[in-house]
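Student: One structure follows; several queries about it will come next.
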Amino acid sequence: MKKTIILKTPEHFRAAITALDSIKGDEVHQVEFRPYKANLSAEQRGLYWMWVQLISLSTGDTKEGVHLMYKRRFLLPIFEREKVWFRDLVESVRNVHRSGAHAEAMNMVQAIVRLVSIRDANTAEMAEYMNDMRLSVQEDLGIMLPLPEDQGREQ
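In structure tokens, the structure reads:
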């Protein structure tokens, strides 16, 4: 049985010790310790898709179109800066473009935009992406996207 315990509180540490104590002596297990990095939260995902829908309704663009446009404009540069695997991928596309295969490079970019997911972002990357998106929408479209702290306030 696989069990993941994130060690944040004394209770979590006790749960880890209990889990280790419960292993039978003849069983072989692997224990791995590594820094915890939070993934995209459900709250961020929900707020993000609410924003995409509001922008879509205001602009007449599809939700998918809004999602792809902002992902390409703001999330992909964050990934290029933060993720080695993505930086290598982008450099490969640039090499294709430099070789003169411009149409192929553009096709590759479009495929990357479609294939990269917001689920590939950790919470910090998603927060940066959403902040960039919110500021852009406010400046370019004049739309004030709601923040979680706005919930329940009169508009």
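Using our numbering, the final residue of the sequence shown is 151, and nothing's skipped along the way. Yeah, the Cβ is synthetic: ideal placement off N, Cα and C, and Gly gets one too.
(1) Label V133 either buried or exposed according to how many other C-beta atoms from any shown protein chain fall within 10 Å of its C-beta, with 16 as the threshold for buried.
(2) Quick one: what's got a C-beta closer than 7 Å to Y66's C-beta in the same chain, skipping five residues either side?
(3) Suppose the cutoff is 6 Å on Cβ atoms and the five residues either side in sequence are ignored; what does the same chain contact list for L64 look like?
(4) Compare the beta carbon distance of V105 and V89 with 8 Å and say whether it is the shorter of the two.
(5) Short check: CB of M126 to CB of Y44, under 8 Å?
(6) Flag K(-1) as yes when its Cβ comes closer than 7 Å to any non-hydrogen atom of the ligand COA, and as no otherwise.
(7) Checking the sheet assignment: what are the DSSP bridge partners for N91?
(8) Give the DSSP-derived three-state secondary structure of D57 in the structure shown.
(9) Looking only at its own chain, which residues have a Cβ that is under 6 Å from the Cβ of F170, when we skip the five neighbours before and after it?
Tutor: Judging by the given coordinates:
(1) Here residue 133 corresponds to residue number 137 of the sequence shown, with the count starting at 1. Under this definition V133 is a buried residue.
(2) For the purposes of this step, residue 66 is taken as the residue at position 70 of the sequence shown. Taken in chain order, the residues that qualify are M129.
(3) Residue 64 sits at position 68 when you count from the first residue of the sequence shown. So the qualifying residues of the chain are V109.
(4) Taking the sequence shown and counting its residues from 1, the one referred to as residue 105 is at position 109. Taking the sequence shown and counting its residues from 1, the one referred to as residue 89 is at position 93. Yes.
(5) To locate residue 126, count along the sequence shown from 1; it is residue 130. To locate residue 44, count along the sequence shown from 1; it is residue 48. Yes; because the gap between Cβ atoms is below 8 Å, this pair is in contact.
(6) Absence of the ligand COA from the depicted structure is noted, as is the absence of any ligand whatsoever, leaving it without description.
(7) Within the sequence shown, numbered from 1, the residue matching residue 91 stands at position 95. Looking at the DSSP assignment, N91 forms no beta bridge with any residue, so it has no partner.
(8) Locating residue 57 in the sequence shown gives position 61, where the first residue counts as 1. Reduced to three states, the DSSP call for D57 is coil.
(9) Here the chain comprises residues numbered -3 to 151, so residue 170 is not present and cannot be evaluated.
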